[in-house]
Amino acid sequence: MKKYIVLVTFLCGFFAMGQGLLERNVGDFHEIKVYDLIAVNLIKSNDNKVMIKGPHANDIQLINKDGVLKVRMMLEKKFQGENTFVEVYYKDLDVIDGNEGARITANELIAQTSLNLRVQEGAEIRLGLEVDYLSSKAVTGGIIEVSGMVDVHDVNMNTGAILRAKELRSSITNIRLTAGGEAAIFATKRVDINVRAGGDVDVYGNPKEVTKKQFAGGRIRFRS
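To convert, take the position in the sequence shown, counting from 1, and add 579; that gives the working numbering.
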C-alpha cells in the first residue's frame with residue numbers, strides 16, 4: 580500500500596515564541612523536490628523533520644508521497660516563497676531536485692556512496708560533496724555548484740543551464756551539453772565531452788584521456 584502523507588503548515592501548528600518558527604515531522608523520504616523560490620538548507624540528522632521560518636511560513640505545503648518530499652507554496656501563494664527559509668533534516672537522501680527558482684544548500688559536507696542532482700527553471704543547488712558517483716542534470720537556466728571529491732561524475736545539461744564544478748575533483752567526468760549553457764569541470768583520469776548546438780565547457784585537472792565531440796558550435800577549453 581502506497582504511503583501518502585500530506586502535511587500543511589496551518590496556523591495551529593507549533594510556533595517557537597517570538598521567532599515565527601514552525602516544526603513538522605514528515606516521515607521517511609529519500610528524495611526532495613523544492614519549488615516556488617523557497618530556500619532550503621539540508622541537515623543530516625537521525626530524524627526526518629522540517630523547520631520553517633519567514634512571513635509565509637504558514638503557506639508552505641509539505642507533501643510526502645512514496646518517499647518523495649515536496650516543499651512548495653500553497654496554490655494561492657505560488658511563487659511567493661522568496662523570503663521563506665526551510666531547514667530539512669534528513670536521514671538518507673538519494674535525489675535532490677530544485678525547481679522554479681528554489682535555492683538548495685547544505686551546512687556540511689554530504690558524504691555517501693551516490694547522489695543525483697536535478698535542477699531546472701532557474702533553481703540553484705550549492706553543495707559540498709564526498710561521493711563515489713554523482714549524476715548532475717541541469718536544464719532551463721538551472722545552476723549546480725558543487726565542490727569536494729567524486730570518483731565518477733555524469734553530467735547532462737541543456738537550454739542555458741550552468742554547472743560550476745571546478746572545485747569538485749573527479750577521476751572521470753562524462754558530460755553532454757546541448758542548446759547552450761556553461762560548464763566548468765575537473766577530471767584527472769578521463770573526460771568524455773559531447774557538445775551540441777552551442778555551449779562552453781572548461782576542463783581543469785589535466786585529464787590523461789580525452790574524448791570530445793562537437794556539433795553545431797560550442798567551445799571546449801582546457802585550463803590549467
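The C-beta atom is built at its ideal place from N, Cα and C for all residues, glycine as well.
Compare the Cα-Cα distances from V647 to each of R798, T663, M736, F608 and report the closest residue.
F608
Residue burial classification, P786 (beta-carbon count within 10 angstroms, cutoff 16):
buried
How should G796 be labelled, buried or exposed, when 16 other C-beta atoms within 10 angstroms of its C-beta is the threshold for buried?
exposed
What's the gap between the Cα of Q793 and the Cα of R603?
49 Å
Would you call the region 663-680 and the region 604-623 touching, i.e. three or more CB-CB distances under 8 Å?
yes
Sorted by chain position, which residues of the same chain lie with C-beta nearer than 8 Å to S767's C-beta, five sequence neighbours on each side aside?
Here residue 767 turns out to be Thr, not Ser, going by the sequence shown. Contacts found: R748, S749, S750, G784, N785, P786, K787.
Residue nearest to G606 in terms of C-alpha spacing, selected from V629, R697, Q699
V629
Contiguous beta strand (DSSP E) assignments of at least 3 residues, all confined to the region 701-777
703-717, 722-737, 741-757, 761-775
If we ignore side chains and look at the alpha-carbon of each, how far apart do D671 and G707 end up?
16 Å
Under 9 Å between C-beta atoms of L694 and A717
no
In or out: N737 buried (at least 16 other Cβ within 10 Å) or exposed?
buried
My parser needs the beta strand (DSSP E) runs of 3 or more residues fully inside the region 657-688; what are they?
664-669, 674-677, 682-685
When the Cα of M652 is compared with those of T757, M728, V774, Q640, which residue comes out closest?
Q640
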